[in-house]
Each structure stands twice: as structure tokens, then as C-alpha cells.
Amino acid sequence: MNKQLRVVIIGGGIGGAASAIALQNEGIPAEIYEQAKAIKEVGAAIVLRPATMRLFKKWGIYDEIVHKSVHSEFMEIRTEKGDIVQKERWPLITENPDENWAELIHRADLLDTLLAQIPSDSIHLNHKCESIIEHENDVEVRFLNGTSVYADLVIAADGIHSVARKMFSDDEPVFAREHTYRAIVNREEVLDLISDDTAITLYQGDKTHVLLLPVRPGAAQFSVDVIVPSEDSSWRLKVEKEEILEYLKDFSPKIQELINNIESTIDARAIHDRKPIECWTSNYITLLGDAAHATQPNQGLGGNMAIEDADALVEALREATTIPEALKKYEAHRKPITSKIQNLSRQDQVLDFSLKS
Ligand SMILES: Cc1cc2nc3c(=O)[nH]c(=O)nc-3n(C[C@H](O)[C@H](O)[C@H](O)COP(=O)(O)OP(=O)(O)OC[C@H]3O[C@@H](n4cnc5c(N)ncnc54)[C@H](O)[C@@H]3O)c2cc1C
Numbered sequence: 002m003n004k005q006l007r008v009v010i011i012g013g014g015i016g017g018a019a020s021a022i023a024l025q026n027e028g029i030p031a032e033i034y035e036q037a038k039a040i041k042e043v044g045a046a047i048v049l050r051p052a053t054m055r056l057f058k059k060w061g062i063y064d065e066i067v068h069k070s071v072h073s074e075f076m077e078i079r080t081e082k083g084d085i086v087q088k089e090r091w092p093l094i095t096e097n098p099d100e101n102w103a104e105l106i107h108r109a110d111l112l113d114t115l116l117a118q119i120p121s122d123s124i125h126l127n128h129k130c131e132s133i134i135e136h137e138n139d140v141e142v143r144f145l146n147g148t149s150v151y152a153d154l155v156i157a158a159d160g161i162h163s164v165a166r167k168m169f170s171d172d173e174p175v176f177a178r179e180h181t182y183r184a185i186v187n188r189e190e191v192l193d194l195i196s197d198d199t200a201i202t203l204y205q206g207d208k209t210h211v212l213l214l215p216v217r218p219g220a221a222q223f224s225v226d227v228i229v230p231s232e233d234s235s236w237r238l239k240v241e242k243e244e245i246l247e248y249l250k251d252f253s254p255k256i257q258e259l260i261n262n263i264e265s266t267i268d269a270r271a272i273h274d275r276k277p278i279e280c281w282t283s284n285y286i287t288l289l290g291d292a293a294h295a296t297q298p299n300q301g302l303g304g305n306m307a308i309e310d311a312d313a314l315v316e317a318l319r320e321a322t323t324i325p326e327a328l329k330k331y332e333a334h335r336k337p338i339t340s341k342i343q344n345l346s347r348q349d350q351v352l353d354f355s356l357k358s
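My numbering runs 1 ahead of the 1-based position in the sequence shown.
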């Protein structure tokens, strides 16, 4: 295929940045258009699985990611009071028996590393896409700031509220009746609450759960994620520590103390996902990442799927002779696995990193 393609990526999140890198490695430059004035990630951990790490090797960023993350081999599950229920290896999600591990990284460190691979003049901030018009041979992307661009291929990696998704489906995000409250604390704050500073530790209550995930070299910090049931589906949430402590009344006093001592901002969000859709590509437009298949976070795979999408899309572009053919190949390859994960993540399990059906 002609490498002088004009490729536009909408969204500078994990999926958009991974797509730009995968294309760049194939000799195809791309322009990213991001709605935000600056790209910032919330303070929280993200779990990277071995298949994703293999792609990072292919893209030449494996060492940098490993340097910034914590290699984790175990997951420890405790009662809300802190008694250890079980400690087990990370479940396999591939056929390879050596892949029962994960790398845990701060989301900002991951995104910064990905974006640093892309020429800064290819990242256009303050460009909120408002419409996409597919013409016979190319695509026009219009932005809220009054500008527009033309492309041979548009990759819409614009997240769960994707504008482009409206071209393929009229579905809306579905509320999972849960909130997560997340903050980063220093390792000293959690040492009394864990037995292994490379494992992820889950304090499992009846409907409320607390997850402790090590991030940053030497597990210097921990991401504290509190998951609670809620009927409030608002997108913009604000939470006070007192409210979180109400949910944690039956938890170990040490967990309550941990939350009480948090001084940083607490990121609060209502968990939503999307149902699998019939089709997410047209001739010259494709969805990618959460825009195509937002899932609930209990398997920790949403970001991993976006990164794998990027690789699969570029592989399809390499193999096909036309863009429409490549997009069909990409969709046919990715949809069965992403739909399976979307459906599994809806099962009522807080922490199920396996793909058992
Ligand atoms: C609590 C929680 C924990 C999670 N934990 C994990 C984990 O451990 N492991 C994992 O793999 N995944 C995890 N995920 C999922 C992961 O965060 C998402 O799947 C991932 O961020 C999807 O990347 P994306 O690039 O598709 O979308 P996003 O990260 O949402 O990025 C979309 C980007 O597009 C921009 N944008 C949106 N609309 C427009 C527009 N109209 N025009 C221009 N730009 C636009 C946004 O500003 C944003 O920068 C978690 C999610 C949550 C909520």
C-alpha cells in the first residue's frame, strides 16, 4: 500500500498514541488531534499484560516501560479485615505458560512514554472533533475550533464518548452501578497493609473493595482504588473522604486510616462500559480502543486492548492492498476477542484477570 497516506488519529490517549507509534514503525506518519489543551493522565495505576509488553519490545520502548514500572507476579486477596484468603500468580490470558505476570505502571508515566515517541508537531491539542464526513475517496474531519482536515484514513481513538462511534451505532455508555475513587500514596502508607510490595492486594468486602497496586520504580508509590456500589451515574463526580470512609466502616482500621490520611486529589468516576457493536469500520474510518469496545475495568484490559488494536490495525494495513480491505481485516481480527472481554467484564467479579468463560 502507498505509504504516503494521510492518516488522522482522533484522540491522544493510550489508543491514539499507540496507533501513532505502530504506524510510525511501519513508516507511516500520522497526525493526532486531541480535544484537551494539555494531555494529562489521572494519578492511578494501569496493569500491562505480557502481550502488550511484547508489542512494546517491537516498538523499541520495552526497556523504558520496564524501567518505569513494577514487575508483578502475584495477586493477594484478603478479607475486608485483612486476613489473607489466597495468594496466586497472575492468571494466563495467552497460551504461553510463562506469561502469568504483569507490569504495573502509573498511567501518566505510560502516556508520557508513548507520546514522547511521536514528533511533537504531529500532536495538535485543542482540536475537539465535532463531525466526520466520509466522501467517496477521502474523509473530512471538522473541529469545534472551526478548522478541518482531510485524510485517507481516520482512526477514531476518542474514548468511551466517541463522536465517530455515532456513525456506527446509536448506543450509549451503560452505567455499571459502581464508582471508583483513586489516589496515589507513598509506599510507607501501605506497608502495614501488604505482604509483598510487588503484588496487587485486594481487600474484598461485600460490595465495597479496596485495591492496592504498586507503581513507580522500587514500588515507591501505590495506587489506592476504592470500588463502591452506587446509583449515581453522573460523569462528573466529586467525593469527600468522609463519604468513602462511610463505605469502609467494616474494613480494617488500617484501611480507614490509609484513606483518612490521603492528601492528594481523589479521582472519582462512575464506571460505564459499552455493549459490543455490529460493525466499527467503514471504508476509510475505524474506531479503536474504548471508542470501539469500552469495558468495565475489572479485568484490567481496556488499555491493553487499545494497544493491541493499534498493532493489529497496522498489520492489516501492511497485508492489504486497499484501506477498506485493511479495515475489514482489522475488525474481523479484533472484534471476537474484544467482544468476549466486554461480555466477561460484565460478570459480577471485582478482580478477574482471567479470560475464563
Ligand atoms: C478505574 C479504571 C481502571 C482501569 N484500569 C485499567 C488497567 O489496569 N489496565 C487496562 O488495560 N485498562 C484499564 N482501564 C481502561 C483504560 O483506561 C481504557 O481502556 C483506555 O484508557 C482506553 O484508551 P483510549 O485511548 O481508547 O481512550 P481514552 O484513554 O479515553 O483516550 C481518549 C482520548 O480522546 C480524547 N477525545 C475524546 N473525544 C474527543 C474528540 N471529540 N476530539 C478529540 N479528542 C477527543 C480524550 O480527551 C482522550 O485524550 C481502566 C479504566 C478505569 C475507568
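Beta carbons: idealized from backbone N, C-alpha and C, even for Gly. Computed from a prediction, not measured in an experiment: that's the story for all the values here.
| Query | Result |
| --- | --- |
| On the premise that Asn-284 lies in contact with Glu-141, defined as a C-beta separation below 8 Å, what is that separation, rounded to the nearest angstrom? | Not really, about 14 Å apart at Cβ, beyond 8 Å. |
| Taking 8 Å as the threshold (C-beta atoms), are Val-155 and Ile-133 in contact? | yes |
| Glu-309: buried (16+ other C-beta within 10 angstroms of its C-beta) or exposed? | buried |
| Could you have a look at Tyr-285 and say whether DSSP puts it in helix, strand or coil? | coil |
| If you draw a straight line from the alpha carbon of His-72 to that of Pro-218, how long is it in whole angstroms? | 9 Å |
| Which residues in the same chain as Arg-359 place their Cβ atom closer than 7 Å to its Cβ, once the five residues preceding and following it in sequence are excluded? | Look at the range of the chain in this structure, 2 to 358, and you will see that residue 359 is not part of it. |
| Could I get the ranges of all uninterrupted alpha helix (DSSP H) runs contained in the region 34-102, with 4 residues as the minimum, in chain order? | 51-59, 63-69 |
| Look up Thr-339 in the DSSP assignment and say whether it is helix, strand or coil. | helix |
| For ligand 1, any of its heavy atoms closer than 7 Å to the Cβ of Pro-277? | no |
| From Lys-341 to Glu-190, what distance separates their C-alpha atoms? | 38 Å |
| May I ask which residues mark the beginning and end of the beta strand (DSSP E) holding Ser-203? | Here the sequence assigns Leu to residue 203, which means Ser is not the residue at that position. Note, Leu-203: beta strand (DSSP E), 201-205. |
| Quick one: what does DSSP say Thr-181 is sitting in, helix, strand or coil? | strand |
| Decide if the region 117-132 is in contact with the region 19-27; the criterion is three or more beta carbon pairs, one per stretch, under 8 Å apart. | yes |
| In the structure shown, what three-state DSSP assignment does Asp-193 receive? | helix |
| List the whole-angstrom C-beta distance separating His-44 from Ala-109, where the pair is believed to meet the contact cut-off of C-beta under 8 Å. | Checking the sequence, you will find Gly at residue 44 rather than His. Gly-44 to Ala-109, Cβ: 7 Å. Contact. |
| Can you tell me where the beta strand (DSSP E) with Ile-15 in it begins and where it stops? | Taken as a continuous stretch (DSSP letters only), Ile-15 belongs to no beta strand (DSSP E), being part of the alpha helix (DSSP H) at 15-26. |
| Counting only the same chain and skipping the five closest in sequence on each side, list residues whose C-beta sits under 6 Å from that of Glu-35. | Gly-13, Leu-126 |
| Please classify Asp-193: is it buried, with 16 or more other beta-carbons within 10 angstroms of its beta-carbon, or exposed? | exposed |
| Could you tell me whether the Cβ atoms of Tyr-204 and Val-229 are closer together than 8 Å? | no |
| Beta carbon of Tyr-34: closer than 7 Å to some heavy atom of ligand 1? | yes |
| Would you call the CB atoms of Tyr-331 and Ala-269 closer than 8 Å? | no |
| What number of angstroms, rounded off, separates the C-alpha of Arg-166 from the C-alpha of Pro-337? | 18 Å |
| Quick one, are the C-beta atoms of Ala-292 and Ala-157 less than 8 Å apart? | yes |
| May I ask you to report which of helix, strand or coil DSSP gives Arg-188? | helix |
| Evaluate contact between the region 301-315 and the region 171-185, counting only Cβ atoms and requiring at least three cross-stretch pairs below 8 Å. | no |
| If you reduce the DSSP assignment to three classes, tell me which class Asp-268 lands in. | strand |
| Any heavy atom of ligand 1 closer than 7 Å to the beta-carbon of Leu-56? | no |
| Give the straight-line distance between the Cα atoms of Ser-253 and Glu-326, rounded to the nearest whole angstrom. | 56 Å |
| Of the residues Val-216, Pro-92, Ala-21, Val-86, which one's Cα is nearest the Cα of Ile-47? | Val-216 |
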